[in-house]
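Asks:
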Amino acid sequence: MPTPPASLPRTPPSSQSQTGLFYDTRMLAHENLFQANPVERPDRIRKTFDALSAAGLADRCHRIKLKTDLLSKEEIAFVHDKEHVDRMEATAAMNEADLRITSQKYNDVFVNSSSFLCAQVACSGLVKLCEAVMRGEVGNGLAIVRPPGHHAEQDEPMGFCIFNNVAIATKLLHKNGTAKRTLIIDWDIHHGNGTQKIFYDDPNVFYISLHRYEGGAFFPYLRIADADHTGGEGAKGRNMNIPWPGKGLKDVDYVYAFNRLVSPEFQRRGDPLGECDVTPEGYAMMTHMLQSLADGRVVVCLEGGYNLNSVSQSLVKVASVLLGDAPTPVHMADGPSHDCIRTVQRVAEIHSQYWKCLRPTHVEGGSAERPSINKPAIPLQGVQIFEDPFEVTLLTAPPLTDIISLHRSITLTTTLGMRLVEVKAPATAEIFRGRRELAQSQRLAFLLCSPEVFRDSCKLCFDPNIPENSGRLDPLTNVLDISNAVSDDAGMLYIEDIIRNQHSLIDIEVDTSVFSQYDVMLLAVREVVNHVWDSLAG
């Protein structure tokens with residue numbers, strides 16, 4: 001949604017031509033010659049346009065048409081490397097064997113002799129539509145184009161995308177002064193890695209992506225799709241990723257995210273690849289919400305979506321809303337999912353550093369060190385035992401997990417007679433040799449051992465769960481109301497029973513804050529348990 005310079009004249013659109021529509025049958029020629037039943041196929045846009053026509057919506061729109069006014073290679077190269085543009089242009093003269101080799105070279109990209117022209121038509125039509133909106137010839141616009149664009153990076157195609165249509169339109173509108181600032185909202189189920197990279201350092205483009213992430217296990221499998229990637233130097237807060245942890249997100253989840261994250265800063269169902277459950281009504285509702293921003297200058301560009309019925313019906317609902325029809329209410333009674341609430345909360349906290357309208361505020365975490373225990377005794381192969389757990393040095397603002405851990409240790413040593421043990425270097429260096437980030441950790445684990453553990457031949461290892469902590473956070477400051485907070489450590493009941501029945505016990509607490517990856521953390525826990533068992537077994 002571009003914001004024009006104040007000097008740019010705007011012509012009020014007539015009610016009959018409120019929405020501009022771009023669709024060109026030349027884009028149907030981009031076909032996959034080497035795969036049966038591909039998901040990205042010409043019927044995606046053909047069936048969508050037919051559905052708009054059948055609903056009487058295409059006739060209500062003002063058609064944007066291209067003749068010979070295609071973007072030049074130089075204009076496309078304003079976003080993409082010249083070498084990339086040249087490679088794609090060269091496909092127009094290739095034979096079938098060379099086209100097959102070229103298609104196999106890239107990540108989920110196919111080309112035929114018409115692909116370059118189709119990609120050229122797609123980005124050219126979108127640019128012309130955006131210019132019509134900015135000149136006031138139409139109030140908003142809908143572009144039904146292919147090949148899609150948001151995975152295409154500066155130097156290569158990717159994920160069915162050849163040229164980044166939205167990026168090219170945005171760059172050219174900014175270059176010629178038609179727009180100064182643009183908000184790009186990408187609700188395709190996949191992260192738009194290409195669009196993010198192109199604008200990551202641009203403070204005049206705000207890119208927001210709502211996508212399935214799954215910790216980087218979902219296409220395009222990139223860490224940059226997580227919420228903590230907020231923009232480059234000079235553009236912090238201009239890149240917002242809303243990374244869903246799994247499939248099945250519904251209308252209410254997307255509307256919740258829009259209300260909490262998208263709208264404040266600016267005052268497709270059945271998809272075989274995405275597996276989320278957003279209905280046509282959901283997309284229409286989001287479009288309706290966006291029309292309150294940027295004086296309604298909204299351009300919707302078809303990118304992904306590979307269930308033909310879902311795509312066509314979603315675009316019918318979106319076009320209807322763009323034309324001024326009231327959106328169909330979406331089902332909101334069940335409220336957003338837990339995954340949605342947690343994701344939106346995390347994104348809001350991260351971006352509250354840059355946007356005052358977002359609450360709760362950002363909380364710095366993980367920077368404080370653990371409370372240090374000062375009185376070592378009885379070194380045992382890198383494992384040290386402490387007789388007095390009360391001699392500690394607390395930092396002014398230790399993490400709450402450390403306070404709970406310390407209280408737990410004191411309780412177990414004073415009431416059950418357990419002994420506090422610490423695993424630290426050089427033992428960790430030996431355990432994790434070859435893993436630099438782990439070997440350099442000076443304190444990796446605390447143990448609590450029952451007195452019998454040093455003499456019994458039969459021992460029991462107990463891996464405690466972190467206590468369940470609950471309380472109320474201030475919605476503005478994120479400060480926990482301590483007077484109403486509780487910590488419920490169900491594992492204490494098992495520990496008491498084990499000790500009172502005179503069984504040996506090794507209670508292990510691993511400092512997981514030193515690990516950046518979950519699988520490495522699991523490896524560390526296993527190795528610490530093995531190391532401690534071997535050391536204390538004697």
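Oh and the sequence shown: position 265 is 265 in UniProt numbering, straight run, nothing missing.
For every residue, glycine included, the Cβ atom is placed at its ideal position computed from N, Cα and C.
Bear in mind the structure is a predicted one, so any value in this text is a computation, not a measurement.
Sort out for me which residues DSSP pairs ASN469 with in a bridge.
Replies: The sequence position of residue 469 within the sequence shown is 469, counting from 1. Paired residues: SER487.
Asks: In or out: ILE403 buried (at least 16 other Cβ within 10 Å) or exposed?
Replies: Indexing the sequence shown from 1 puts residue 403 at position 403. Exposed is the call here.
Asks: Judging by CA-CA distance, which residue of SER487, VAL347 and ARG359 is the nearest neighbour of HIS407?
Replies: Here residue 407 corresponds to residue number 407 of the sequence shown, with the count starting at 1. Minimum Cα distance to HIS407 is reached at SER487.
Asks: Are residue 592 and PRO203 close, meaning C-beta to C-beta below 7 Å?
Replies: Since the first and last residues shown for the chain are 1 and 538, residue 592 lies out of range.
Asks: Where do the ends of the beta strand (DSSP E) carrying GLY194 lie?
Replies: Position 194 of the sequence shown holds residue 194. Note, GLY194: premise wrong, no beta strand (DSSP E); alpha helix (DSSP H) at 193 to 199.
Asks: Is it the case that the Cβ atoms of PRO148 and GLU31 are separated by a distance below 7 Å?
Replies: Within the sequence shown, the letter at position 148 stands for residue 148. Within the sequence shown, the letter at position 31 stands for residue 31. Not in contact: PRO148 and GLU31 (Cβ atoms no closer than 7 Å).
Asks: Judging by CA-CA distance, which residue of LEU400, LEU117 and ASN530 is the nearest neighbour of GLY471?
Replies: Stepping through the sequence shown from its first residue, residue 471 is reached at position 471. Measuring from the Cα of GLY471, the nearest candidate turns out to be LEU400.
Asks: Might you give, ordered along the chain, the residues of its own chain that have their beta carbon closer than 6 Å to the beta carbon of HIS288, omitting 5 neighbours on each side?
Replies: For the purposes of this step, residue 288 is taken as residue 288 along the sequence shown, with counting starting at 1. Around HIS288: VAL321 and PRO327.
Asks: If you drop the 5 nearest sequence neighbours on each side, which residues of the same chain put their C-beta closer than 6 Å to that of ARG223?
Replies: The residue given as residue 223 occupies position 223 in the sequence shown. Excluding positions up to five away in sequence, the list reads GLY216.
Asks: So if DSSP puts GLY141 in a beta bridge, which residue, or which two residues, is it bridged to?
Replies: As a working mapping, residue 141 is identified with position 141 in the sequence shown. Paired residues: GLY20 and VAL299.
Asks: Quick check: the stretch 342 to 361 against the stretch 305 to 314, are there 3 or more CB pairs under 8 Å?
Replies: The answer is no - the stretch 305 to 314 does not touch the stretch 342 to 361, with fewer than three Cβ pairs under 8 Å.
Asks: Between the beta-carbon of ILE162 and the beta-carbon of VAL79, is there less than 7 Å?
Replies: Position 162 of the sequence shown, counted from the first residue, corresponds to residue 162. Position 79 of the sequence shown, counted from the first residue, corresponds to residue 79. No, they are not a contact pair.
Asks: Starting from the C-beta of LEU480, find all residues in its chain whose C-beta is less than 7 Å away, skip the five residues before and the five after it, and write them out in chain order.
Replies: As a first step, residue 480 must be located in the sequence shown, where it is residue number 480. Answer for LEU480: GLY471 and LEU473, listed in chain order.
Asks: Relative to the alpha-carbon of VAL255, which residue among ASP81, LEU57 and PRO336 has its alpha-carbon at the smallest distance?
Replies: For this step, residue 255 is matched to residue 255 along the sequence shown. Comparing Cα positions, the closest option is PRO336.
Asks: For GLY125, is the classification buried or exposed, using 16 other Cβ atoms within 10 angstroms of its Cβ as the cut-off for buried?
Replies: Taking the first residue of the sequence shown as 1, we reach residue 125 at position 125. GLY125 should be labelled buried.
Asks: Is CYS161 helix, strand or coil when you go by DSSP?
Replies: What you label residue 161 is simply residue 161 of the sequence shown in a count that begins at 1. Three-state DSSP puts CYS161 in a strand.
Asks: Which two residues bound the contiguous beta strand (DSSP E) that contains MET240?
Replies: By 1-based counting over the sequence shown, the position of residue 240 is 240. Run containing MET240: 239 to 244, per the beta strand (DSSP E) assignment.
Asks: Given a cut-off of 7 Å on the beta-carbon distance, is the pair ASN239 and TYR200 in contact?
Replies: As a position in the sequence shown, residue 239 is number 239, starting the count at 1. As a position in the sequence shown, residue 200 is number 200, starting the count at 1. Yes.
Asks: Cβ of PHE116 within 7 Å of Cβ of ALA92?
Replies: For the purposes of this step, residue 116 is taken as residue 116 along the sequence shown, with counting starting at 1. For the purposes of this step, residue 92 is taken as residue 92 along the sequence shown, with counting starting at 1. Yes, these two residues count as a Cβ contact at 7 Å.
Asks: With ASP155 and VAL252 assumed to form a contact (beta carbons below 8 Å), what rounded beta-carbon distance in angstroms separates them?
Replies: Within the sequence shown, numbered from 1, the residue matching residue 155 stands at position 155. Within the sequence shown, numbered from 1, the residue matching residue 252 stands at position 252. Contact doesn't hold; Cβ gap of about 39 Å is too wide.
Asks: Tell me whether the stretch 88 to 104 and the stretch 180 to 189 touch, counting them as touching only if at least three CB pairs, one residue from each stretch, are closer than 8 Å.
Replies: At 8 Å Cβ cutoff, the stretches do not touch.
Asks: Please say whether ASN165 and THR19 have beta carbons closer to each other than 7 Å?
Replies: Here residue 19 refers to the residue found at position 19 when the sequence shown is read from its first residue. Here residue 165 refers to the residue found at position 165 when the sequence shown is read from its first residue. Cβ atoms of THR19 and ASN165: not closer than 7 Å.
Asks: Quick check: VAL298 and GLN291, are their CB atoms within less than 7 Å of each other?
Replies: As a first step, residue 298 is located in the sequence shown; it is residue number 298 there, counting from the start. As a first step, residue 291 is located in the sequence shown; it is residue number 291 there, counting from the start. Contact: yes.
Asks: Output needed for ASP24: all residues of its chain with C-beta closer than 7 Å, excluding positions within five of it in sequence on either side, in chain order.
Replies: Walking along the sequence shown from the start, residue 24 turns up at place 24. Answer for ASP24: LEU66, VAL121 and GLY125, listed in chain order.
Asks: To the nearest angstrom, how far is it from the Cα of ASP188 to the Cα of SER209?
Replies: Your numbering for residue 188 matches position 188 in the sequence shown. Your numbering for residue 209 matches position 209 in the sequence shown. So the two alpha carbons sit approximately 8 Å from each other.
Asks: With DSSP run on the structure shown, which of helix, strand or coil describes ILE189?
Replies: Position 189 of the sequence shown, counted from the start, is the residue given in the question as residue 189. In this structure, ILE189 counts as coil in the three-state DSSP scheme.
Asks: With distances taken between CB atoms, is the gap from PHE22 to ALA143 smaller than 7 Å?
Replies: Within the sequence shown, numbered from 1, the residue matching residue 22 stands at position 22. Within the sequence shown, numbered from 1, the residue matching residue 143 stands at position 143. Yes.
Asks: What separation, rounded to the nearest whole angstrom, lies between the Cα atoms of MET94 and ARG526?
Replies: Start at 1 with the first residue of the sequence shown, and residue 94 comes out as number 94. Start at 1 with the first residue of the sequence shown, and residue 526 comes out as number 526. Whole-angstrom Cα-Cα distance: 55 Å.
Asks: What is the residue span of the beta strand (DSSP E) that ILE64 lies within?
Replies: Position 64 of the sequence shown, counted from the start, is the residue given in the question as residue 64. Taken as a continuous stretch (DSSP letters only), the beta strand (DSSP E) holding ILE64 covers 62 to 64.
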